[in-house]
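One line per chain: the protein sequences are A and B, in this order.
Just so you know, the first sequence maps onto residues 1 to 307 in the working numbering.
Just so you know, the second sequence maps onto residues 1001 to 1352 in the working numbering.
No residue lacks a Cβ here, since even glycine has one placed at the ideal position from N, Cα and C.
First up is the structure itself, then whatever we jot down about it.
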Amino acid sequence: MIDIQFLGLVNATLQAATLLFIAALGELIAEKSGVLNLGVEGMISIGAVSGFITAINTENLFLSIIVGIVSASLFSSIHAFVTVILKQDQTVSGLILTILGLSLSSLIGKKYVGKKLNTKLEGVFDIENPSNILEIILAQNIIFYIAIILMIVTAFVLKRTMFGRRIEAIGEDLKSADSMGLKIGKTQFIATCVGGAFAGLSGVYLTLSYVPYWTDGMTSGRGWIALALVIFGGWKPYRTAFGALLFGFLEALGPRLQTYGFEMSPYIVKITPYVITILVLIVLTILKNGNTGAPKNIGIPFFRENR
Amino acid sequence: MNKFLLSKKLYRNELATFYSFLIGFLIAIIVGSIILLIQSKNPFDVFSLMLKLSIGSLNSLSNSLNKAIPLILAGLGIAIINSVKLWNIGAEGQIFFGAIALNFVYINTSIENSYLYIFLLLASGFIGGSVCILLPALSKVLFGVNEIITTLLTNYIVFGLTIYLINGVWKDPNSLNFPAAAYVSESVYLPTVFGKLSSGFLICILFTLIAYYIKDKSVFGYEMRIAGGSALTAIYAGISAKQKAFIAMLIGGGFAGLAGAIELLSQTHRVSTGISQGFGYTAIIVAAITGMRPLGIFLVGSLFGALAIGGSVIQTIGVSSYISDIIQATTLFGALIAQFFFSYEIKRVKDD
Chain A
1 MIDIQFLGLV
11 NATLQAATLL
21 FIAALGELIA
31 EKSGVLNLGV
41 EGMISIGAVS
51 GFITAINTEN
61 LFLSIIVGIV
71 SASLFSSIHA
81 FVTVILKQDQ
91 TVSGLILTIL
101 GLSLSSLIGK
111 KYVGKKLNTK
121 LEGVFDIENP
131 SNILEIILAQ
141 NIIFYIAIIL
151 MIVTAFVLKR
161 TMFGRRIEAI
171 GEDLKSADSM
181 GLKIGKTQFI
191 ATCVGGAFAG
201 LSGVYLTLSY
211 VPYWTDGMTS
221 GRGWIALALV
231 IFGGWKPYRT
241 AFGALLFGFL
251 EALGPRLQTY
261 GFEMSPYIVK
271 ITPYVITILV
281 LIVLTILKNG
291 NTGAPKNIGI
301 PFFRENR
Chain B
1001 MNKFLLSKKL
1011 YRNELATFYS
1021 FLIGFLIAII
1031 VGSIILLIQS
1041 KNPFDVFSLM
1051 LKLSIGSLNS
1061 LSNSLNKAIP
1071 LILAGLGIAI
1081 INSVKLWNIG
1091 AEGQIFFGAI
1101 ALNFVYINTS
1111 IENSYLYIFL
1121 LLASGFIGGS
1131 VCILLPALSK
1141 VLFGVNEIIT
1151 TLLTNYIVFG
1161 LTIYLINGVW
1171 KDPNSLNFPA
1181 AAYVSESVYL
1191 PTVFGKLSSG
1201 FLICILFTLI
1211 AYYIKDKSVF
1221 GYEMRIAGGS
1231 ALTAIYAGIS
1241 AKQKAFIAML
1251 IGGGFAGLAG
1261 AIELLSQTHR
1271 VSTGISQGFG
1281 YTAIIVAAIT
1291 GMRPLGIFLV
1301 GSLFGALAIG
1311 GSVIQTIGVS
1321 SYISDIIQAT
1331 TLFGALIAQF
1341 FFSYEIKRVK
1351 DD
């Protein structure tokens, strides 16, 4: 028999990891094409609130997931428009996307604060009391499995398909990509919106499954941890998934430390994921000697001088 | 077939940033009106009420300017750090840490002369802000760790620390429902200039001039621009880019820390979660929208202070205060769009 506390820890780790991973994977795709989007936090928030409102009003969870994805993707198209088409600063635009996303979702969600969802995303397989790790995994809901599929598909598309190679070419060498005749603006625009869609799915997971209610600022920095995860994963899907499990484990471990005999103020426990994220980033950068493997053109808007 | 070609304008209008801001603000007002209309509120009524209650009387005007102090100071800090092409997203945390440092010094010292004491406390706030950015700054210059993420995550750490302190060692037993530290003595309150306007605003004017001098007039500012511009030029000029970046970050963090200290000594009078209501984030918008110009930050910061006051008073007629946050963010998006038309020319050419 594995004890029940440990299973709880595994379950919480998987859930926290799913949330972080989907958002990080979306950001990875955008960054691969050379578009840095610091608006992850805002996009997750938009996805979370729109999915939640749909779920409260329609009780149709499938529709809610779709609405969350689409609205976050549309929202990210603001960033794509400003940075890809109008060639403005990606850092500024992304930051404002976060600020706008957080305030907009607070405005939209105001009437829904404190409301409880009657329906919740159920596990794919009907398991009453999971008693081992396999059953814990099987008891996860549909978005967990979508995350796994997305991981495999994204890794395949980026490495093995023409579209993926184009994204990488644009992210690594704009001039060559341009002379090869690739449609740079179009590819970057699509990659950014796909990134937004992923963040939206992550947001829907937050409000339909992780914590089934809505409050202001409930994303609590997860978008930023997702950004750190992309760096941690060295812009590779599988390594990012590993990072998500690690960060998810740390997030899940915090509130449980007491049960394992560590006396710690709950307020201090709350800040440990952020402390650890910073420390991990520092250690990782030292190990890689400053060369994190980032796409070379990240943050640089493409502009072909008039000929 | 027609094709569109982009070319960079050779001469950019000197006032382009200013015009872009105006256009952005106009767009934001339109977007805000649409949101209000959706909520079946009359935008004209709401905006005129906002205007009246934010700058309509001496009292409300001083409230607005008080609100502008942290926006301007934190914005100036962000602008100084941006001279070396680095971003400080951690102003929110630095504001809190400035207040925490102030309270720490206040608890452990006692000085008779209240002016001297106020000066010491403000200085500890500034230093607190610098301490708060120390880890991101060191990890940036020593190892090249992305400062955007580290400064941002520091916000969550400092906010958690604040909550820990005001629920634990610093908890005021007299404050039952709202966890906060004990009040500081009235002798160290910042005096008011006229009406409700805090003398913190005078400090704010002084630091705007200091920031302008550092950034645009001093040798250090020139070296910062070179350090942030091109690594090779910096090497040829014998400028240590890392050293400049490090100093710039400490100064910039200090500006935000000072904002926290002023906020404590003039508004909250104690450490609580109310020290900052997202000022550090709004300051990013203020700094970015002005193209990191200190005098512009002063003006836009004052305007956004009025917007924040306007936003908080319209809650009484059932309009969400988030509308002013949305207007602020949309202003910057609008300004970015306008910037494009000031920097690029679109030519239509026949393709044959």
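- For the C-beta of Phe247(A), not a single chain B residue is nearer than 7 Å; the gap to the nearest is close to 12 Å.
- In this structure, the straight-line span from the alpha carbon of Asn1167(B) to that of Pro1179(B) is close to 6 Å.
- For the pair Gly1098(B) and Gly1144(B), the CB atoms are not nearer than the 8 Å cut-off.
- At a Cβ-Cβ threshold of 8 Å, Ala1227(B) and Ala1241(B) count as neighbours.
- For Lys116(A), there is no enclosing alpha helix (DSSP H), as DSSP marks it with neither H nor E.
- Of the residues assessed, Asp126(A) falls on the exposed side of the cut-off, its CB having fewer than 16 other CB atoms within 10 angstroms.
- For Leu100(A), a Cβ of chain B is located within less than 8 Å of the residue's own Cβ.
- Closest in C-alpha terms to Leu1135(B), from the list Glu263(A), Asn118(A), Leu279(A), comes Leu279(A).
- Contacts with chain B at 8 Å (Cβ-Cβ) do not include Gln15(A).
- Exclusion of the five residues before and after Trp1087(B) leaves Ile1148 as the residues of its chain whose Cβ lies within less than 6 Å of its Cβ.
- Exclusion of the five residues before and after Thr1151(B) leaves Asn1088, Ile1089, Gly1090, Pro1136 as the residues of its chain whose Cβ lies within less than 6 Å of its Cβ.
- DSSP links Ser1198(B) through a beta bridge to Thr1192(B).
- Spatial neighbours of Gly1274(B) in its own chain (CB-CB distance under 6 Å, excluding positions within 5 residues in sequence) are listed in chain order as Thr1268.
- Bounds of the alpha helix (DSSP H) holding Asn1059(B) are 1058-1082.
- What Gly221(A) touches in chain B, judged by beta-carbon distance under 9 Å, is Leu1152, Leu1153, Asn1155, Tyr1156, going in chain order.
- Counting only runs that start and end inside the stretch 1229-1281 of chain B, the alpha helix (DSSP H) elements of at least 4 residues fall at 1231-1236, 1241-1263.
- In the DSSP assignment, Ser71(A) falls within the alpha helix (DSSP H) that extends over 61-80.
- Taking 7 Å as the upper bound on Cβ-Cβ separation, chain B lies near residues Ser265, Tyr267, Ile268, Lys270, Ile271, Tyr274, Val275, Thr277, Ile278, Leu281, Ile282, Thr285, Ile286, Gly290 of the stretch 260-292 of chain A.
- For Ala228(A), the chain B residues whose C-beta falls within less than 7 Å of its own C-beta are Ile1149, listed in chain order.
- Within 9 Å of the CB of Ile78(A), the CB atoms of chain B belong to Phe1333, in sequence order along the chain.
- When the beta-carbon positions are compared, Gly68(A) and Gly94(A) stay at least 8 Å from each other.
- In terms of Cα proximity to Ala1306(B), the closest of Ala1256(B), Phe1207(B), Leu1058(B), Ile1038(B) is Leu1058(B).
- For Leu1071(B) against Phe1304(B), the beta-carbon gap comes to about 6 Å, under 8 Å, which counts as contact.
- In this structure Phe144(A) does not touch Gly26(A) by the C-beta definition: roughly 16 Å separates them, more than the 8 Å allowed.
- The stretch 1108-1155 of chain B contains, as complete alpha helix (DSSP H) runs of 4+ residues, the segments 1114-1132, 1134-1143 (chain order).
- Pairing Met1050(B) with Lys110(A), the inter-Cα distance amounts to about 21 Å.
- CA-to-CA, the gap between Val194(A) and Ile1027(B) works out to about 27 Å.
- Here Val1286(B) is near Ile1297(B), since their CB atoms are less than 8 Å apart.
- Sequence-distant Cβ neighbours of Ala17(A) in its own chain, meaning closer than 6 Å and more than five residues away, are Ala244, Leu245, Gly248.
- Of Leu208(A), Thr219(A), Ala228(A), Phe81(A), the smallest CA-CA separation from Glu59(A) is found for Leu208(A).
- Per the coordinates, the alpha-carbon of Glu41(A) lies some 15 Å from the alpha-carbon of Ala30(A).
- The C-beta separation of Ile170(A) from Ser33(A) comes to about 5 Å, placing the pair in contact by the 8 Å criterion.
- Assigned with DSSP and collapsed to three states, Arg1012(B) falls in coil, not helix or strand.
- Taking 8 Å as the CB threshold, Thr91(A) lines the interface with chain B.
- What Ser103(A) touches in chain B, judged by beta-carbon distance under 7 Å, is Tyr1322, Asp1325, Ile1326, Ala1329, going in chain order.
- Take Ser1343(B), set aside five residues on each side of it, and the residues of its chain with a beta-carbon closer than 7 Å to its own are Lys1008, Lys1009, Arg1012, in chain order.
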